[in-house]
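K.L.:
Got a structure for you, written out below as structure tokens; questions coming shortly.
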Amino acid sequence: MSPLGQRLLVLAFVCLGALWSASAHAELPLDMAAELRGVPLGARVGLLEDKHGTLGIAEVAARSGAGFRTQPKQIVSLGFTHSVYWLRLVVDNSAPVERSWLLEVAFPHLDDLTLYVPRPDGGFDARATGDQRPFAQRDLAYRNFVFMLEEPPGKRQVYYLRVQTVGSMEIPLLAWTLGEFVEHQHLDWAGLCVFYGVLLVMTCYSACLFLFTREREYLQFSLGVLSISFFQMAYVGHVFQYLLPRYPVLAQQTIPVSVGLSMFFMSNLVQQQLVFEASAWRRTMHVIWMRLCLVLTVIAAFAPFGFALRMMTISCLLLNFTMMIVVVTGVRANTLILRANFLGWGCGFVGAVVLGLKSVHVLPINVFTTWSVQIGASAQFVLLSAAMASKLTALRAELGHLNGKLAQKVTALESAVQRAQQASALAERATRVKDEFIATMSHELRTPLNTIINVPQGLVEEFPLERLVVCASCASEFELEPGEELDPSTGCPECAAPGVLSLCERARYQGQPERTLRYLEKIERSGTHLLDVIDGMLRADQNHSAEVPLILAQVDLAGLVREVVEEMSDLSERAGVALVLDGAPGELSLGADALRIRQVLINLIGNAIKFSSAKDTVRVRLTVEGDSCVCAVEDEGIGIPADKLERVFTSYSQGDAGVSRVYGGTGLGLSIARSLVRLHGGELWVESELGRGSVFRFRLPRVDHLKISA
Numbered sequence: 008m009s010p011l012g013q014r015l016l017v018l019a020f021v022c023l024g025a026l027w028s029a030s031a032h033a034e035l036p037l038d039m040a041a042e043l044r045g046v047p048l049g050a051r052v053g054l055l056e057d058k059h060g061t062l063g064i065a066e067v068a069a070r071s072g073a074g075f076r077t078q079p080k081q082i083v084s085l086g087f088t089h090s091v092y093w094l095r096l097v098v099d100n101s102a103p104v105e106r107s108w109l110l111e112v113a114f115p116h117l118d119d120l121t122l123y124v125p126r127p128d129g130g131f132d133a134r135a136t137g138d139q140r141p142f143a144q145r146d147l148a149y150r151n152f153v154f155m156l157e158e159p160p161g162k163r164q165v166y167y168l169r170v171q172t173v174g175s176m177e178i179p180l181l182a183w184t185l186g187e188f189v190e191h192q193h194l195d196w197a198g199l200c201v202f203y204g205v206l207l208v209m210t211c212y213s214a215c216l217f218l219f220t221r222e223r224e225y226l227q228f229s230l231g232v233l234s235i236s237f238f239q240m241a242y243v244g245h246v247f248q249y250l251l252p253r254y255p256v257l258a259q260q261t262i263p264v265s266v267g268l269s270m271f272f273m274s275n276l277v278q279q280q281l282v283f284e285a286s287a288w289r290r291t292m293h294v295i296w297m298r299l300c301l302v303l304t305v306i307a308a309f310a311p312f313g314f315a316l317r318m319m320t321i322s323c324l325l326l327n328f329t330m331m332i333v334v335v336t337g338v339r340a341n342t343l344i345l346r347a348n349f350l351g352w353g354c355g356f357v358g359a360v361v362l363g364l365k366s367v368h369v370l371p372i373n374v375f376t377t378w379s380v381q382i383g384a385s386a387q388f389v390l391l392s393a394a395m396a397s398k399l400t401a402l403r404a405e406l407g408h409l410n411g412k413l414a415q416k417v418t419a420l421e422s423a424v425q426r427a428q429q430a431s432a433l434a435e436r437a438t439r440v441k442d443e444f445i446a447t448m449s450h451e452l453r454t455p456l457n458t459i460i461n462v463p464q465g466l467v468e469e470f471p472l473e474r475l476v477v478c479a480s481c482a483s484e485f486e487l488e489p490g491e492e493l494d495p496s497t498g499c500p501e502c503a504a505p506g507v508l509s510l511c512e513r514a515r516y517q518g519q520p521e522r523t524l525r526y527l528e529k530i531e532r533s534g535t536h537l538l539d540v541i542d543g544m545l546r547a548d549q550n551h552s553a554e555v556p557l558i559l560a561q562v563d564l565a566g567l568v569r570e571v572v573e574e575m576s577d578l579s580e581r582a583g584v585a586l587v588l589d590g591a592p593g594e595l596s597l598g599a600d601a602l603r604i605r606q607v608l609i610n611l612i613g614n615a616i617k618f619s620s621a622k623d624t625v626r627v628r629l630t631v632e633g634d635s636c637v638c639a640v641e642d643e644g645i646g647i648p649a650d651k652l653e654r655v656f657t658s659y660s661q662g663d664a665g666v667s668r669v670y671g672g673t674g675l676g677l678s679i680a681r682s683l684v685r686l687h688g689g690e691l692w693v694e695s696e697l698g699r700g701s702v703f704r705f706r707l708p709r710v711d712h713l714k715i716s717a
């Protein structure tokens, strides 16, 4: 070749090299004047491979684009690689105002991303993120990596993105304005919600079938769907975002672990579905696969993420392919369960294959390859659940047969239930009579016991303690003056013996004999009343009835009223309530049971005192109206609402739900009083106004007890 030809050849090579070098870093700038609706930036960025990961931002920026190469794809997908990649993005803002925008890396499984944002002084600010860093370090709380950026007016800026990961190197860069990004995320979240909804419905559906049928295959299907649901949440970044934001390594490791669990449960499901048609070699294959899945899951939990991810990707492809082989051998049987299994595992196999090929950079990244796993899993779950639902028809027929047998047994049990109900009614009646007897007895014993307990307290006050000095030598006693203290060294005034005096206390009676006698009489009357009540209750118990028998005699009702008023005066004094007897006749005789009428009076007067305030007055009146005697007990207490007047005579009831909490009591007194009055042929009623007191009246017919006996 001539020298001229050599020169021309060298010149041609130089021109080609220059053209190649220019095209290698001729990135297309991102114009901020354009609408940023998720603009893919794969073809606009320059790529620089750092095989050893030793380059820094100063060295990379100094190249000014030299060494960076472009690629025609809209999304950067480099497959599995151990190299570090630098991406160079040029942004132009020709507008006279500052522009805000978002840079999204729409793949949540990149270990380490660092975006170098240029500063006005020529340096760079580093923003580090990645799935190996805590979620709180992200610019925006979102499942993908999003950087919030500001472009100054009329300037061009160059951004550098450093990416390193042990998984698949997929770097889908998208540019957004804030409004467009929010609108897009609404649609994206709606699609994920539909997918999660399908998984949730399948999980709940199979779980309910398991609870109703107790068939283990429904439980296996539910657990398998749950495992795959967890894998999907981890794959799209929701586990890291919502469940484990502070534990990035643990969130990353959930991906291979959930894949292993889903393979175990789903392969177990196939074994249970096809066990009635599977041959020995197919059953053996299932057992091997199940054990292998458990081993792989344990390995994936502790192995490095990159190794675990590759291992589980290959295992998932083999599992789906194997399940298709197992199922396709039974398709000739032309049963619904076999056809649904074949189609379901086929959909899962296709989705897994597409995901695997996308991860190794064989298939491009687009909508179908990105959502292939979700689409295939949804179709697989629907078809497998349809296969399981086919068993419900057989179960329904079996249930119909069992229902026929059950109907025969129900008829035989109805008569036994009727006999049991009759026996139960008798037992309830006996229990009710016993309870009423015990409640009545406990209530009636309380009033005389209160007197027996409280009256001696008044007697104790009549025996105050006095301080005395006693001589141990001559047994003489001396009283100390108020405020005087004993000097142990003082000798006895009587025998002059030194050091023999000691101090002691002694009770001395200082009461009024008449008052003491009146107290003792009250105790005696209360004790007699208590004995009579107990005797009456025991007689009622012997008759196996809660109704108290009457012992009729000629009774001086006026004297009985005066006696009860006097007996209850101590109770009224302690409560600060005035108890007054208005105009009782001198003597008023009628046939009655004195003990029971006494109980009625004690209950009415005791209630009036209990529901009265200090300085109120309780009045007792006894009058004659025709052939009847009417006794009225009037108080100035809290009163009773008009709609509760009859309720107070019901057992275990008081005029208001809060009364029992404030004043205490069981609500038995008035019920017992009305029963006793009615046993005498009379009636007990109440007149009251809320807040202005109550008047309880009872009427007794004036009948001679001898006529009643006759």
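Numbering (the working numbering), first residue to last: 8 to 717.
Even for Gly, the Cβ is constructed at its ideal location relative to N, Cα and C.
Quick caveat, the model's predicted, so the values are computed rather than measured.
Would you mind working out which of Met-176, Val-389, Met-270, Val-189 sits nearest Ser-234, comparing C-alpha positions?
P.N.:
Locating residue 234 in the sequence shown gives position 227, where the first residue counts as 1. The shortest Cα separation from Ser-234 among Met-176, Val-389, Met-270, Val-189 belongs to Met-270.
K.L.:
Find out if the Cβ-Cβ distance for the pair Glu-190, Met-39 is shorter than 8 Å.
P.N.:
Looking up residue 190 in the sequence shown gives position 183. Looking up residue 39 in the sequence shown gives position 32. Not closer than 8 Å, so no.
K.L.:
Short check: CB of Ala-639 to CB of Arg-704, under 8 Å?
P.N.:
As a first step, residue 639 must be located in the sequence shown, where it is residue number 632. As a first step, residue 704 must be located in the sequence shown, where it is residue number 697. Contact flag set, yes.
K.L.:
In chain order, what residues of the same chain lie with their CB nearer than 6 Å to the CB of Ser-719, ignoring the 5 residues before and after it?
P.N.:
Because the chain spans 8 through 717 in this model, residue 719 falls outside it and cannot be assessed.
K.L.:
Please report the residue range of the alpha helix (DSSP H) in which Thr-6 lies.
P.N.:
Residue 6 falls outside the range modelled here, since the chain spans only 8 to 717, and no answer is possible.
K.L.:
With a threshold of 16 other CB atoms inside 10 Å of the CB of Gly-698, please say whether the residue is buried or exposed.
P.N.:
On the sequence shown, residue 698 is found 691 positions in, with the first residue counted as 1. Answer is exposed; the Cβ neighbour count stays below 16.
K.L.:
What's the C-alpha gap between Ala-148 and Ala-65?
P.N.:
Taking the sequence shown and counting its residues from 1, the one referred to as residue 148 is at position 141. Taking the sequence shown and counting its residues from 1, the one referred to as residue 65 is at position 58. Cα to Cα, Ala-148 sits roughly 30 Å from Ala-65.
K.L.:
State the Cα-Cα distance for the pair Pro-79 and Leu-94, rounded to the nearest angstrom.
P.N.:
Reading the sequence shown from its first residue, position 72 is the one you call residue 79. Reading the sequence shown from its first residue, position 87 is the one you call residue 94. Going by the C-alpha atoms only, they are around 14 Å apart.
K.L.:
Does the Cβ of Ser-403 have 16 or more other Cβ atoms within 10 Å, making it buried, or fewer, making it exposed?
P.N.:
Counting from one through the sequence shown, the residue named residue 403 turns up at place 396. The residue asked about is misnamed: residue 403 is Arg in this sequence, not Ser. Result: exposed.
K.L.:
Any chance you could list the alpha helix (DSSP H) runs of at least 4 consecutive residues sitting entirely within the segment 32-103, in chain order?
P.N.:
64-69
K.L.:
Between Ile-612 and Ile-647, what straight-line distance do the alpha-carbon atoms span, to the nearest angstrom?
P.N.:
By one-based count along the sequence shown, residue 612 stands at place 605. By one-based count along the sequence shown, residue 647 stands at place 640. Rounded to whole angstroms, Ile-612 to Ile-647 spans 16 Å at the Cα level.
K.L.:
What's the gap between the Cα of Leu-527 and the Cα of Asp-589?
P.N.:
Counting from 1 along the sequence shown, the entry for residue 527 is found at position 520. Counting from 1 along the sequence shown, the entry for residue 589 is found at position 582. Cα to Cα, Leu-527 sits roughly 26 Å from Asp-589.
K.L.:
I need the straight-line Cα distance from Lys-529 to Gln-606, nearest angstrom please.
P.N.:
Stepping through the sequence shown from its first residue, residue 529 is reached at position 522. Stepping through the sequence shown from its first residue, residue 606 is reached at position 599. Their Cα atoms are separated by approximately 15 Å.
K.L.:
I'd like the list of long-range same chain contacts for Leu-230, defined as Cβ closer than 7 Å, with 5 residues on each side in sequence excluded.
P.N.:
Residue 230 sits at position 223 when you count from the first residue of the sequence shown. Excluding positions up to five away in sequence, the list reads Phe-272.
K.L.:
Between the Cα of Ile-604 and the Cα atoms of Val-568, Ser-619, Pro-592, which residue gives the shortest distance?
P.N.:
Counted from its first residue, the sequence shown places residue 604 at position 597. The candidate whose alpha carbon is nearest that of Ile-604 is Val-568.
K.L.:
What distance in whole Å lies between the Cβ atoms of Asn-100 and Pro-160, which are believed to be in contact at a cut-off of 8 Å?
P.N.:
Taking the first residue of the sequence shown as 1, we reach residue 160 at position 153. Taking the first residue of the sequence shown as 1, we reach residue 100 at position 93. Confirmed, about 6 Å.
K.L.:
Could you check the C-alpha separation between Arg-525 and Gly-633 for me, to the nearest Å?
P.N.:
What you label residue 525 is simply residue 518 of the sequence shown in a count that begins at 1. What you label residue 633 is simply residue 626 of the sequence shown in a count that begins at 1. Cα to Cα, the separation comes out at about 36 Å.
K.L.:
Along the chain, where does the alpha helix (DSSP H) containing Arg-603 start, and where does it finish?
P.N.:
For the purposes of this step, residue 603 is taken as the residue at position 596 of the sequence shown. Start and end: 601-617.
K.L.:
Consider the Cβ of Ala-404: report whether some Cβ of chain D lies at a distance smaller than 8 Å.
P.N.:
In summary, chain D is missing from the structure at hand, where a single protein chain is found.
K.L.:
Applying the 10 Å Cβ sphere with the 16-neighbour rule, what's the burial state of Pro-179?
P.N.:
Here residue 179 refers to the residue found at position 172 of the sequence shown. Counting Cβ neighbours within 10 Å, Pro-179 comes out buried, since at least 16 surround it.
K.L.:
As a quick exercise: from Val-702, Asp-577, Phe-87, pick the residue whose alpha carbon is nearest that of Gly-313.
P.N.:
Position 306 of the sequence shown holds residue 313. The option with the nearest alpha carbon to Gly-313 is Phe-87.
K.L.:
Please list, in chain order, all residues of the same chain as Ser-701 whose beta carbon is under 8 Å from its beta carbon, the five residues on each side excluded.
P.N.:
Taking the sequence shown and counting its residues from 1, one reaches residue 701 at position 694. Only Ala-615, Phe-618, Glu-641, Asp-642, Gly-644, Gly-646, Ile-647, Val-693, Glu-694, Ser-695 meet the Cβ criterion.
K.L.:
Buried or exposed: where does Asn-151 fall if 16 or more other Cβ atoms within 10 Å of its Cβ makes it buried?
P.N.:
Residue 151 sits at position 144 when you count from the first residue of the sequence shown. Under this definition Asn-151 is a buried residue.
K.L.:
If you run the structure through DSSP and keep just helix, strand and coil, what is Gln-139?
P.N.:
Stepping through the sequence shown from its first residue, residue 139 is reached at position 132. Of the three classes helix, strand and coil, the one that applies to Gln-139 here is coil, per DSSP.
K.L.:
Would you call Tyr-516 buried or exposed, if buried means 16 or more other Cβ atoms sit within 10 Å of its Cβ?
P.N.:
The count along the sequence shown starts at 1 and reaches residue 516 at position 509. Exposed is the call here.
K.L.:
Since Ser-678 is in the alpha helix (DSSP H), which residue starts that stretch and which ends it?
P.N.:
Mapped onto the sequence shown, residue 678 falls at position 671. Residues 676-686.
K.L.:
If you count every other CB in all the chains shown that lies within 10 Å of the CB of Tyr-249, and 16 or more means buried, which is it?
P.N.:
For the purposes of this step, residue 249 is taken as the residue at position 242 of the sequence shown. So Tyr-249 ends up on the exposed side.
K.L.:
How far does the alpha helix (DSSP H) with Ala-241 in it reach, from first residue to last?
P.N.:
As a working note, residue 241 is residue 234 in the sequence shown. 223-243 is the extent of the alpha helix (DSSP H) around Ala-241.
K.L.:
Just curious, the beta strand (DSSP E) that Asp-623 is in, first and last residue?
P.N.:
Residue numbering aside, residue 623 sits at position 616 when the sequence shown is read from its first letter. DSSP places Asp-623 in no beta strand (DSSP E); its state is neither H nor E.
K.L.:
Give the C-beta separation of Val-266 and Leu-199 to the nearest angstrom, bearing in mind that I take them to be a contact with Cβ-Cβ under 8 Å.
P.N.:
Here residue 266 is taken as the residue at index 259 of the sequence shown, counted from 1. Here residue 199 is taken as the residue at index 192 of the sequence shown, counted from 1. Actually they are not in contact, since the Cβ atoms of Val-266 and Leu-199 sit about 19 Å apart, beyond 8 Å.
K.L.:
Per DSSP, Ser-695 forms a beta bridge with which residues?
P.N.:
Position 688 of the sequence shown, counting from 1, holds the residue named residue 695. BP columns for Ser-695 point to Ser-701.
K.L.:
Quick check on Asp-146: does DSSP put it in helix, strand or coil?
P.N.:
On the sequence shown, residue 146 is found 139 positions in, with the first residue counted as 1. Here Asp-146 sits in coil by DSSP.
K.L.:
Exposed or buried, which one is Leu-96 when buried takes at least 16 other CB atoms within 10 Å?
P.N.:
On the sequence shown, residue 96 is found 89 positions in, with the first residue counted as 1. By the 10 Å Cβ count, Leu-96 comes out buried.
K.L.:
Alpha carbons only, please: which of Ala-504, Arg-44, Ser-236 is nearest the one belonging to Ile-382?
P.N.:
Sequence index remark: in the sequence shown, residue 382 carries index 375 (1-based). With distances taken between Cα atoms, Ile-382 lies closest to Ser-236.
K.L.:
So what's Leu-595 in DSSP terms, helix, strand or just coil?
P.N.:
The count along the sequence shown starts at 1 and reaches residue 595 at position 588. Assignment of Leu-595 by DSSP, reduced to helix, strand and coil, places it in the coil class.
K.L.:
Select from Ile-558, Ala-434, Ala-582, Glu-594 the residue whose C-alpha is nearest the C-alpha of Glu-570.
P.N.:
Indexing the sequence shown from 1 puts residue 570 at position 563. Of the candidates Ile-558, Ala-434, Ala-582, Glu-594, the one whose C-alpha sits nearest the C-alpha of Glu-570 is Glu-594.
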